[in-house]
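Numbering (the working numbering), first residue to last: 43 to 447. No residue lacks a Cβ here, since even glycine has one placed at the ideal position from N, Cα and C. Take a look at the structure below.
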Amino acid sequence: MDYETFFSEQINQLKAEGRYRIFTKIKRDPGNFPKAFYYASPNSKPRDITVWCSNDYLGMGQHPSVLTAMKNALDHYGAGSGGTRNIAGNHYLLSELEEELASLHQKENGLLFSSGYVSNEAALGTLIRLLPNCVVYSDALNHASIIAAIRSSGAEKHIFRHNDVDHLQQLLGRTDKNRPKIIVFESVYSMDGDIAPISALCDLADQYNALTYLDEVHAVGMYGMHGGGISEEENLTSRLTIIEGTLGKAFGTMGGYITGSKTLIDVIRSYAPGFIFTTSLPPVIAAGALAAIRYLKHDHHLRIMQKNIVHQVKTKFIEAGLPLIPSTSHIVPLKIGDPIKCKKLADALLNDHGIYVQPINYPTVPRGTERLRITPTPLHTDFMINQLVDALIFEYQKLSLLKAA
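Printed below as a string of structure tokens:
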């Protein structure tokens, strides 16, 4: 086999289908989020753009309290952690952060990982493998990290239709009640922006003696009195076995985590290869995350502003006749339905209007549901919103995706 030819063919296939991913080179502008600079080519001058697709939902990645904490930590503790948690890398700030996360989710203990993907793959995968003859029930739209964890475990799995409680009950009813079970779902789904019926799913878990694993990565910091996510907002934290989250979205830094009972966290800590055999998060990251969590625990202003901006954007999209996919969260998807046109529209927004929105194509979403995923923040202004709406109308009409007014 000619390996290079084979690899080229695989890439060319993605390009032909409009699914080839090109990374947009940007430089964030500290203190001016969501403004940034865009580099169209290696030697080009940076262009001023407005970012509308960041997962830094509240702008905490550039918040003064976070930056100050990280600068101080860098001066006091240096750059890296120095090792794994078991070998010289268990910095006291990591334990402090885990305690803060456990408190946020009203759990006994927390455990940090290098990313949200790793926390799902390592924690969920380990839990499934440890439980004898475990069967997993997973929402059809769960994240790739959850899918990877379930697949790697080799356990029996059943996929229930998205947010379909009745379908899940049918599947649970076919399994011995005494057999170990885990129901896995997210609170806010990242591409559709809808929210899980957490209470009803917990009811089924109680009825069929199942553990619950909730991914709150797109909700932590955003919902609840203290930013504990949808489970806190709906007063359901005590009914969930594991609550998983990230530090890389609303908290503006990086890393993933799980929270749960003392015994459960200890067993994951002791058995998960993805935790044991990796370098721990640097103290500078822990310091920034701690600052973000503590700020959002007690300051509701950004969350309130963000909800108002989201409502404003959705209203203007509807008034303009743009194909808004119904969403009950801060995630605002606009349907395109064609991968080539999706990329063309996103490219035009960036190059002609200075608006950065990433096209979302298969396999992130099913074929035929290609879309733009827009994430308004508290820092987007009325001018930016009007600019976005006008640009979208123009480009949708140009690609015959929207009837001319």
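Below 8 Å on the Cβ atoms is my guess for residue i versus residue j; work out the distance and round it to an integer in Å.
| i | j | result |
| --- | --- | --- |
| Pro88 | Tyr81 | 6 Å |
| Ser371 | Val230 | 5 Å |
| Ile272 | Ile240 | 6 Å |
| Ile397 | Thr92 | 6 Å |
| Tyr313 | Leu173 | About 11 Å; that fails the 8 Å criterion. |
| His185 | Asp257 | 6 Å |
| Tyr119 | His133 | 7 Å |
| Ala197 | Ile170 | 5 Å |
| Tyr159 | Ser195 | Actually they do not touch by this definition, with Cβ atoms about 16 Å apart. |
| Leu443 | Ile378 | 7 Å |
| Phe359 | Val431 | 7 Å |
| Ala255 | Glu286 | Reading off the sequence shown, one finds Tyr at residue 255, where the question assumed Ala. Between Glu286 and Tyr255 the Cβ distance is about 7 Å, and since that is below 8 Å, they are a contact. |
For residue i, which of the options has the nearest alpha-carbon?
| i | options | result |
| --- | --- | --- |
| Trp94 | Asn403, Leu344, Phe436, Ile373 | Ile373 |
| Phe79 | Thr47, Lys69, Val309, Gly73 | Lys69 |
| Ala165 | Ile310, Ala329, Asn428, Lys440 | Ile310 |
| Leu213 | Ile237, Asp234, Tyr250 | Tyr250 |
| His204 | Asp236, Asn85, Asp71 | Asp236 |
| Glu140 | Tyr404, Phe425, Tyr299, Ile360 | Tyr299 |
| Thr321 | Thr406, Ile129, Leu444, Leu278 | Ile129 |
| Tyr62 | Thr423, Pro418, Lys385 | Lys385 |
| Pro72 | Pro84, Ile64, Leu109, Glu286 | Leu109 |
| Ala111 | Arg336, Ser50, Gly410 | Arg336 |
| Val399 | Arg409, Pro418, Gly410, Pro405 | Pro418 |
| Ala58 | Asp380, Glu437, Gln211 | Asp380 |
| Asn97 | Leu364, Met264, Gly363, Arg409 | Met264 |
| Glu75 | Ser50, Ser369, Thr423, Tyr404 | Here the sequence assigns Phe to residue 75, which means Glu is not the residue at that position. Nearest of Ser50, Ser369, Thr423, Tyr404 to Phe75, Cα basis: Thr423. |
| Pro405 | Phe49, Leu56, Thr47, Gly316 | Leu56 |
Below 7 Å CB to CB, which residues in the same chain sit around residue i once its five sequence neighbours on both sides are set aside?
| i | result |
| --- | --- |
| Leu323 | Ser123, Leu136, Leu154, Ser156, Gly297 |
| Pro420 | Leu100, Gly101, Leu344, Met347, Gln348, Ile351 |
| Asp90 | Lys77, Phe79, Gly396 |
| Gln211 | Leu246 |
Leaving out five residues on either side along the sequence, give the residues of the same chain with a beta carbon under 6 Å from the beta carbon of residue i.
| i | result |
| --- | --- |
| Arg281 | Cys244 |
| Ala191 | Asn162, Glu163, Leu166, Gly167 |
| Ala446 | Summary for Ala446: the model assigns pLDDT 49, below 50, so the residue's position carries little reliability; its value from the coordinates is reported in the next sentence. Taken in chain order, the residues that qualify are Gln439. |
| Thr295 | Leu289, Ile327, Gly330, Ala331 |
| Gly103 | Gly294 |
| Glu274 | Gly266 |
| Ile201 | Ser180, Ala182 |
Suppose contacts are defined by Cβ-Cβ distances below 8 Å. Is residue i in contact with residue j by that definition?
| i | j | result |
| --- | --- | --- |
| Gly60 | Ile382 | yes |
| Lys219 | Val177 | no |
| Thr301 | Leu143 | yes |
| Ala238 | Glu228 | yes |
| Gln354 | Ile427 | yes |
| Leu246 | Val207 | yes |
| Ile318 | Thr126 | yes |
| Ala333 | Ser107 | yes |
| His147 | Gly270 | yes |
| Leu441 | Leu387 | yes |
| Arg216 | Asn175 | no |
| His260 | Ser232 | yes |
Whose C-beta lies closer than 8 Å to the C-beta of residue i among residues of the same chain, with five residues either side of it excluded?
| i | result |
| --- | --- |
| Lys304 | Glu150, Asn151 |
| Lys339 | Leu146, His268, Gly269 |
| Glu361 | none |
| Ile53 | Tyr62 |
| Phe425 | none |
| Glu138 | Ala328, Leu332 |
| Ile189 | Ser180 |
Flag residue i as yes when its Cβ comes closer than 7 Å to any non-hydrogen atom of the ligand GTP, and as no otherwise.
| i | result |
| --- | --- |
| Thr126 | Looking for the ligand GTP in the displayed structure turns up nothing, as the structure carries no ligands at all. |
Taking 8 Å as the threshold, find out whether the region 388-401 comes into contact with the region 412-420 through three or more Cβ pairs.
-> The count of Cβ pairs closer than 8 Å, one atom from the region 388-401 and one from the region 412-420, reaches three, so the stretches are in contact.
Inter-stretch contact (C-beta, 8 Å, three-pair minimum) for the region 325-332 and the region 166-185 | Short answer: they don't touch.
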